[in-house]
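Chains as they are written, first to last, in numbering that gives the first Met the number 0: chain A, 0 to 440; chain B, 0 to 246.
Inspection log for the structure reproduced underneath, given as structure tokens.
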Amino acid sequence: MEEGTRNEVARNEGRYGNWGRFPNPPQRAVRLNWPDDELPKGKILAFGNGRSQGDVCLNSQGVLVDMRGLNRLVKFDRSKGLLTAEAGITLDEILRVVVPTGWMLPVVPGTRFVTLGGAIANDVHGKNHHRAGSFGHHVTALTLRRSDGTVKVCKAGDAWFAATVGGLGLTGIIAQATVQLMPVLSGLMQRRIVPLRGLEDFFSTMEGPAQGWDYSVAWLDMTAPEKELGRGYLELARWDEMGGPLNPPPPVRLQVPVRLPFSAVNALTTRVFNELWLRRPRAAYAQVDYSSFFWPLDGVGHWTNLYGPVPFVQCQVVVPQAGAPRLVAQILRLARAGGEPSFLNTLKMMGGMAPAGMLSFPREGVALALDFPYKGERTLAMLRAIEDVAMANGGAIYPAKDACMRPESFAQAYPAWKDFLKYKDDNMTSDFWQRVMGGKA
Amino acid sequence: MKTGERILVVGATSAIAQEAIRIWAGQGARLFLAGRDAGKLEVVSADAKARGGSTKVAVVEDVTSVTNLSMMVDSAWKAWGGLDGVLVAHGWLPNQREAQDDPLAVRQCLRINGESVCEILTLLAPRFAKQRSGWMAAISSVAGDRGRAAMYVYGAAKAVVSHFMSGLRQRLEGTGVRVIDIRPGPVDTPMTEGLKMPLVAAAEPVARRIVRACAKSNGVVYVPWFWRFIMLILTHVPEPIWVKMKI
Numbered sequence: 000m001e002e003g004t005r006n007e008v009a010r011n012e013g014r015y016g017n018w019g020r021f022p023n024p025p026q027r028a029v030r031l032n033w034p035d036d037e038l039p040k041g042k043i044l045a046f047g048n049g050r051s052q053g054d055v056c057l058n059s060q061g062v063l064v065d066m067r068g069l070n071r072l073v074k075f076d077r078s079k080g081l082l083t084a085e086a087g088i089t090l091d092e093i094l095r096v097v098v099p100t101g102w103m104l105p106v107v108p109g110t111r112f113v114t115l116g117g118a119i120a121n122d123v124h125g126k127n128h129h130r131a132g133s134f135g136h137h138v139t140a141l142t143l144r145r146s147d148g149t150v151k152v153c154k155a156g157d158a159w160f161a162a163t164v165g166g167l168g169l170t171g172i173i174a175q176a177t178v179q180l181m182p183v184l185s186g187l188m189q190r191r192i193v194p195l196r197g198l199e200d201f202f203s204t205m206e207g208p209a210q211g212w213d214y215s216v217a218w219l220d221m222t223a224p225e226k227e228l229g230r231g232y233l234e235l236a237r238w239d240e241m242g243g244p245l246n247p248p249p250p251v252r253l254q255v256p257v258r259l260p261f262s263a264v265n266a267l268t269t270r271v272f273n274e275l276w277l278r279r280p281r282a283a284y285a286q287v288d289y290s291s292f293f294w295p296l297d298g299v300g301h302w303t304n305l306y307g308p309v310p311f312v313q314c315q316v317v318v319p320q321a322g323a324p325r326l327v328a329q330i331l332r333l334a335r336a337g338g339e340p341s342f343l344n345t346l347k348m349m350g351g352m353a354p355a356g357m358l359s360f361p362r363e364g365v366a367l368a369l370d371f372p373y374k375g376e377r378t379l380a381m382l383r384a385i386e387d388v389a390m391a392n393g394g395a396i397y398p399a400k401d402a403c404m405r406p407e408s409f410a411q412a413y414p415a416w417k418d419f420l421k422y423k424d425d426n427m428t429s430d431f432w433q434r435v436m437g438g439k440a
Numbered sequence: 000m001k002t003g004e005r006i007l008v009v010g011a012t013s014a015i016a017q018e019a020i021r022i023w024a025g026q027g028a029r030l031f032l033a034g035r036d037a038g039k040l041e042v043v044s045a046d047a048k049a050r051g052g053s054t055k056v057a058v059v060e061d062v063t064s065v066t067n068l069s070m071m072v073d074s075a076w077k078a079w080g081g082l083d084g085v086l087v088a089h090g091w092l093p094n095q096r097e098a099q100d101d102p103l104a105v106r107q108c109l110r111i112n113g114e115s116v117c118e119i120l121t122l123l124a125p126r127f128a129k130q131r132s133g134w135m136a137a138i139s140s141v142a143g144d145r146g147r148a149a150m151y152v153y154g155a156a157k158a159v160v161s162h163f164m165s166g167l168r169q170r171l172e173g174t175g176v177r178v179i180d181i182r183p184g185p186v187d188t189p190m191t192e193g194l195k196m197p198l199v200a201a202a203e204p205v206a207r208r209i210v211r212a213c214a215k216s217n218g219v220v221y222v223p224w225f226w227r228f229i230m231l232i233l234t235h236v237p238e239p240i241w242v243k244m245k246i
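Structure representation (structure tokens):
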């Protein structure tokens with residue numbers, strides 16, 4: 000597309016950026032409104048709802064293809080729970096339709112405001128990875144639009160399908176996809192809270208009492224002193240089988256409408272947050288609505304505005320099960336030594352099933368997610384140190400939340416990348432891909 | 000049992016109409032979707048069906064042809080054995096700078112955005128009046144409230160619709176038929192893409208407001224609501240001052 004044509008929207012602030020605003024280079028974008036709208040020329044990358052953290056959703060040297068206009072349902076078979084939709088639809092928009100009919104997405108990430116295409120391209124996972132695998136395990140078919148104008152219909156099991164799931168949007172524009180939903184009797188879940196005095200509690204609970212729960216995740220308090228490293232609580236849940244209301248997710252009521260001129264997230268407020276939120280007394284057993292269990296943060300719109308002008312970075316790393324207690328402790332210490340305490344920290348025991356895609360991040364081991372206000376070199380040095388620990392021990396870093404992993408680390412943790420090149424579309428790229436390939440591909 | 004509301008949507012592939020259709024479909028409405036592009040209508044219809052609506056579609060080749068419109072109204076009325084409401088949502092936004100010196104573009108704009116809407120309402124008014132119930136909604140615009148240099152060709156056509164509906168509402172008073180003049184401010188849609196506009200609203204909340212208005216309102220509905228007050232002020236600016244204002 001030529002410069003300055005009517006369809007081109009160039010806006011850096013706001014719409015076309017990642018969730019943490021680091022990095023934040025200017026982007027150009029073209030919106031698609033209909034399934035057969037022409038793709039722009041040049042190096043392209045599909046852009047969904049901008050919920051990834053690093054540079055997987057950025058394409059500074061080319062044009063983003065804004066997919067949010069393609070958010071229609073194509074077919075919903077209510078008897079089989081098979082839903083086909085355009086890729087720009089958000090999981091929130093899907094849930095609004097399917098939950099009241101007794102169906103649920105079998106895998107949901109920590110925010111429901113990701114698009115279907117983004118969920119597939121990053122092969123997202125949730126609190127039930129140990130039971131249900133990743134999002135890609137539940138996709139039965141998808142349609143790819145290649146930059147040469149061809150359209151590929153891929154089915155689960157195909158090589159093209161495996162390349163596209165977790166393929167970072169580089170095998171073509173995902174136009175639509177079919178998901179096998181899971182039946183639910185109600186939107187209610189049984190939740191159990193297990194307080195953790197330290198990391199040991201996490202591992203012993205996961206091996207013992209946590210067995211038999213379909214959903215599990217631990218929230219860690221990074222302001223805890225050294226002897227309580229890994230303090231926090233473990234959240235376990237399963238669907239209630241008694242029947243009850245089937246409500247769509249609630250609308251977002253609270254908004255942080257403007258970006259604060261200062262960061263409200265600092266050592267002090269993190270401490271206060273941890274005291275009020277992480278350490279508030281919780282009933283050991285409770286019946287909760289699925290929305291509050293899956294997306295505690297989605298209740299507040301644009302909460303990242305609380306970070307004010309300070310961008311933030313996330314880091315999600317998985318380390319192998321063997322040695323996990325030692326490695327997780329080591330990473331937590333590095334994160335703590337990095338200065339600013341990490342605000343939201345989750346620890347999750349991942350399942351052992353074969354990944355759904357060639358470049359899928361979710362894999363067996365223990366996954367730790369941390370986020371930090373970005374304070375320049377100091378933050379980068381800390382992320383480097385965490386990366387070193389992961390790499391020296393056979394771990395992996397999640398591309399969808401990464402802004403600085405080195406090319407060698409990507410090549411080591413995602414050894415299928417060479418094979419993946421066969422499926423990659425020559426006219427598609429991202430800032431992430433440029434970075435980890437060092438311009439090789 | 001099909002008991003959902005029977006609604007004709009003209010211009011069903013427009014961004015605002017699509018959002019309204021989704022809401023109605025989720026309520027189990029029986030929709031008659033009219034538009035120019037068969038392929039796009041199918042896409043919109045599939046979405047509505049997947050959400051629980053029932054749909055029939057009709058391609059209207061030329062909205063400026065009364066014959067086309069009359070056939071559309073006939074088949075919509077027959078499709079579900081009568082109608083409960085109509086939303087007229089089609090529109091064309093010409094480039095003001097190009098249109099203002101081109102009489103054919105001015106004519107085209109007045110026909111598509113003004114005349115055709117009045118004609119559809121004219122065809123439907125006696126039917127609704129006879130059944131003594133129903134609602135007729137059309138999307139006009141805040142641009143129709145006062146002529147601005149930047150948008151008066153489009154605005155004039157929208158003013159035609161507002162003026163027409165005002166009279167029609169008075170005529171139908173007491174028949175049980177509601178006439179709803181929906182005046183949105185700028186909305187972020189493919190039609191307005193690339194334009195610099197103030198206070199832009201998203202299509203989805205605008206559609207939600209429209210659906211609510213169609214369910215109960217009678218009269219003029221500004222979307223979002225604050226445009227009523229902005230336009231109240233702007234329509235009262237004395238002309239000698241107005242001509243000098245750069246808005």
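Note that CB positions come from ideal geometry on N, CA and C, so glycine has one too.
Inset, instruction - Please determine, among A:348, A:223, A:36, A:37, the residue with the shortest C-alpha to C-alpha distance to residue 206 of chain A. - result: For the purposes of this step, residue 206 of chain A is identified with residue 207 of the first sequence, where counting begins at 1. Checked all of A:348, A:223, A:36, A:37; the closest Cα to residue 206 of chain A is A:348.
Inset, instruction - Use the C-beta contact count for residue 39 of chain B: other C-beta atoms within 10 angstroms, 16 or more gives buried, fewer gives exposed. - result: Mapped onto the second sequence, residue 39 of chain B falls at position 40. Around the beta carbon of residue 39 of chain B, 16 or more other beta carbons lie within 10 angstroms, which makes this residue buried.
Inset, instruction - Could you check what DSSP says for residue 230 of chain B in three-state terms: helix, strand or coil? - result: For the purposes of this step, residue 230 of chain B is identified with residue 231 of the second sequence, where counting begins at 1. When secondary structure is reduced to three states using DSSP, residue 230 of chain B falls in the helix class.
Inset, instruction - May I ask you to report which of helix, strand or coil DSSP gives residue 63 of chain A? - result: Mapped onto the first sequence, residue 63 of chain A falls at position 64. Residue 63 of chain A falls in the strand class under three-state DSSP.
Inset, instruction - Hey, could you find the ends of the beta strand (DSSP E) residue 315 of chain A is sitting in? - result: Within the first sequence, numbered from 1, the residue matching residue 315 of chain A stands at position 316. Counting along the chain, the beta strand (DSSP E) containing residue 315 of chain A begins and ends at 311-318.
Inset, instruction - Just the chain B side, please: which residues come within less than 9 Å of residue 112 of chain A by C-beta, in chain order? - result: By 1-based counting over the first sequence, the position of residue 112 of chain A is 113. Near residue 112 of chain A there are no residues of chain B at all, since even the closest Cβ is about 14 Å away, more than 9 Å.
Inset, instruction - Please list, in chain order, all residues of the same chain as residue 250 of chain B whose beta carbon is under 7 Å from its beta carbon, the five residues on each side excluded. - result: Chain B is shown from 0 up to 246; residue 250 of chain B falls before or after that span and cannot be answered.
Inset, instruction - Determine the direct distance from the alpha carbon of residue 230 of chain B to that of residue 245 of chain B, and round the result to whole angstroms. - result: Counting from 1 along the second sequence, the entry for residue 245 of chain B is found at position 246. Counting from 1 along the second sequence, the entry for residue 230 of chain B is found at position 231. Residue 245 of chain B and residue 230 of chain B: Cα-Cα distance of roughly 15 Å.
Legend entry - the stretch 183-203 of chain A contacting the stretch 226-244 of chain A, beta-carbon criterion three pairs below 8 Å: Contact between the stretch 183-203 of chain A and the stretch 226-244 of chain A is present: 3 or more CB-CB pairs across the two stretches fall below 8 Å.
Legend entry - Contiguous beta strand (DSSP E) assignments of at least 3 residues, all confined to the stretch 111-178 of chain A: You should have 138-144, 150-154.
Inset, instruction - Rounded to whole angstroms, what's the CA-CA distance from residue 37 of chain B to residue 334 of chain A? Just pull it up for me. - result: For the purposes of this step, residue 37 of chain B is taken as the residue at position 38 of the second sequence. For the purposes of this step, residue 334 of chain A is taken as the residue at position 335 of the first sequence. Their Cα atoms are separated by approximately 57 Å.
Legend entry - DSSP state of residue 6 of chain A mapped onto helix, strand, coil: By 1-based counting over the first sequence, the position of residue 6 of chain A is 7. Note that residue 6 of chain A scores 36 on pLDDT, short of 50, meaning its location in the model is unreliable; the coordinates nonetheless yield the value given after this. In the displayed model, residue 6 of chain A falls within coil according to three-state DSSP, outside both helix and strand.
Legend entry - Closest residue to residue 295 of chain A among A:108, A:429, A:425 (Cα-Cα distance): Within the first sequence, residue 295 of chain A is the residue found at index 296, counting from 1. Comparing C-alpha distances from residue 295 of chain A to each of A:108, A:429, A:425 shows the shortest one belongs to A:108.
Inset, instruction - Could you confirm whether any beta carbon from chain B is found closer than 8 Å to the beta carbon of residue 48 of chain A? - result: Walking along the first sequence from the start, residue 48 of chain A turns up at place 49. Answer no: the Cβ-Cβ gap between residue 48 of chain A and chain B never drops below 8 Å.
Legend entry - residue 232 of chain B, buried or exposed, once every other Cβ within 10 Å from all chains shown has been counted against 16: Within the second sequence, numbered from 1, the residue matching residue 232 of chain B stands at position 233. By the neighbour-count rule (16 or more Cβ atoms within 10 Å), residue 232 of chain B is not buried but exposed.
Legend entry - Beta carbon proximity, residue 42 of chain B to chain A, threshold 8 Å: As a working note, residue 42 of chain B is residue 43 in the second sequence. Output row for residue 42 of chain B: interface = yes.
Inset, instruction - Using the Cα positions of residue 278 of chain A and residue 313 of chain A, report the straight-line distance between them to the nearest angstrom. - result: To locate residue 278 of chain A, count along the first sequence from 1; it is residue 279. To locate residue 313 of chain A, count along the first sequence from 1; it is residue 314. Approximately 23 Å, taken between the alpha carbons.
Inset, instruction - Please state whether DSSP places residue 26 of chain B in a helix, a strand or coil. - result: By 1-based counting over the second sequence, the position of residue 26 of chain B is 27. In the structure shown, residue 26 of chain B sits in coil (DSSP, three-state: anything other than H, G, I, E or B).
Legend entry - Strand pairing of residue 396 of chain A, partner residues [DSSP]: Position 397 of the first sequence, counted from the first residue, corresponds to residue 396 of chain A. DSSP lists A:316 as the beta-bridge partner residues of residue 396 of chain A.
Legend entry - Status (buried if at least 16 other CB within 10 Å, exposed otherwise) for residue 376 of chain A: Locating residue 376 of chain A in the first sequence gives position 377, where the first residue counts as 1. Classification of residue 376 of chain A: exposed, given that the 10 Å Cβ count is below 16.
Inset, instruction - May I have the straight-line CA-CA distance separating residue 435 of chain A from residue 405 of chain A, to the nearest angstrom? - result: Counting from one through the first sequence, the residue named residue 435 of chain A turns up at place 436. Counting from one through the first sequence, the residue named residue 405 of chain A turns up at place 406. Taking the straight line from one Cα to the other gives about 6 Å.
Inset, instruction - Determine the chain B residues that contact residue 73 of chain A at a beta-carbon separation under 9 Å, and present them in chain order. - result: The residue given as residue 73 of chain A occupies position 74 in the first sequence. Chain-order list of chain B residues neighbouring residue 73 of chain A: 42, 45, 46, 49, by C-beta distance under 9 Å.
Inset, instruction - Go through the stretch 326-383 of chain A residue by residue and report every complete run of the alpha helix (DSSP H) that reaches 4 residues or more, in order. - result: Here no run is fully enclosed.
Legend entry - Listed by chain order, chain B residues near residue 34 of chain A by CB distance under 7 Å: One-based indexing of the first sequence puts residue 34 of chain A at position 35. In chain order: 42.
Legend entry - contact_flag[the stretch 416-423 of chain A, the stretch 345-359 of chain A] where n(CB pairs < 8 Å) is 3 or more: They touch, by the three-pair rule.
Legend entry - Spatially closest choice to residue 131 of chain B from B:170, B:151, B:161, by CA coordinates: Locating residue 131 of chain B in the second sequence gives position 132, where the first residue counts as 1. The residue with the shortest Cα to Cα distance from residue 131 of chain B is B:170.
Legend entry - Beta-carbon proximity of residue 267 of chain A to residue 98 of chain A, cut-off 8 Å: Taking the first sequence and counting its residues from 1, the one referred to as residue 267 of chain A is at position 268. Taking the first sequence and counting its residues from 1, the one referred to as residue 98 of chain A is at position 99. Contact flag unset, no.
Legend entry - beta strand (DSSP E) runs wholly inside the stretch 158-202 of chain B, at least 3 long, in chain order: Uninterrupted beta strand (DSSP E) stretches at least 3 residues long and entirely within the stretch 158-202 of chain B occur at 176-183, given in chain order.
Inset, instruction - Give the DSSP-derived three-state secondary structure of residue 425 of chain A in the structure shown. - result: Locating residue 425 of chain A in the first sequence gives position 426, counting from the first residue. It is coil, neither helix nor strand.
Inset, instruction - Compile a chain-ordered list of the residues in the stretch 24-40 of chain B whose CB is closer than 8 Å to at least one CB of chain A. - result: For the stretch 24-40 of chain B, the beta-carbon criterion of a distance under 8 Å to any beta-carbon of chain A is satisfied by 25, 38, 39.
Inset, instruction - For residue 96 of chain A, decide whether its Cβ has a neighbour in chain B, counting only Cβ atoms nearer than 8 Å. - result: Numbered from its first residue, the first sequence carries residue 96 of chain A at position 97. Yes, contact with chain B.
Legend entry - Interface flag, residue 102 of chain B vs chain A, CB-CB below 8 Å: Start at 1 with the first residue of the second sequence, and residue 102 of chain B comes out as number 103. Closer than 8 Å: no.
Legend entry - Own chain, CB closer than 8 Å to residue 437 of chain A, minus 5 neighbours either side, in chain order: For the purposes of this step, residue 437 of chain A is identified with residue 438 of the first sequence, where counting begins at 1. Non-local C-beta neighbours of residue 437 of chain A in its own chain, meaning closer than 8 Å and more than five positions away in sequence, comprise 406, ordered along the chain.
Legend entry - Per DSSP, the bridge partner or partners of residue 74 of chain A: Reading the first sequence from its first residue, position 75 is the one you call residue 74 of chain A. Per DSSP, A:83.
Legend entry - Rounded separation between residue 352 of chain A and residue 88 of chain B - CA only: Translated into positions along the first sequence, residue 352 of chain A becomes position 353. Translated into positions along the second sequence, residue 88 of chain B becomes position 89. Straight-line Cα distance between these residues: approximately 50 Å.
Inset, instruction - Run the CB neighbour count on residue 178 of chain B, radius 10 Å, all protein chains shown included, and call it buried at 16 or more, exposed below. - result: For the purposes of this step, residue 178 of chain B is taken as residue 179 along the second sequence, with counting starting at 1. Residue 178 of chain B comes out buried.
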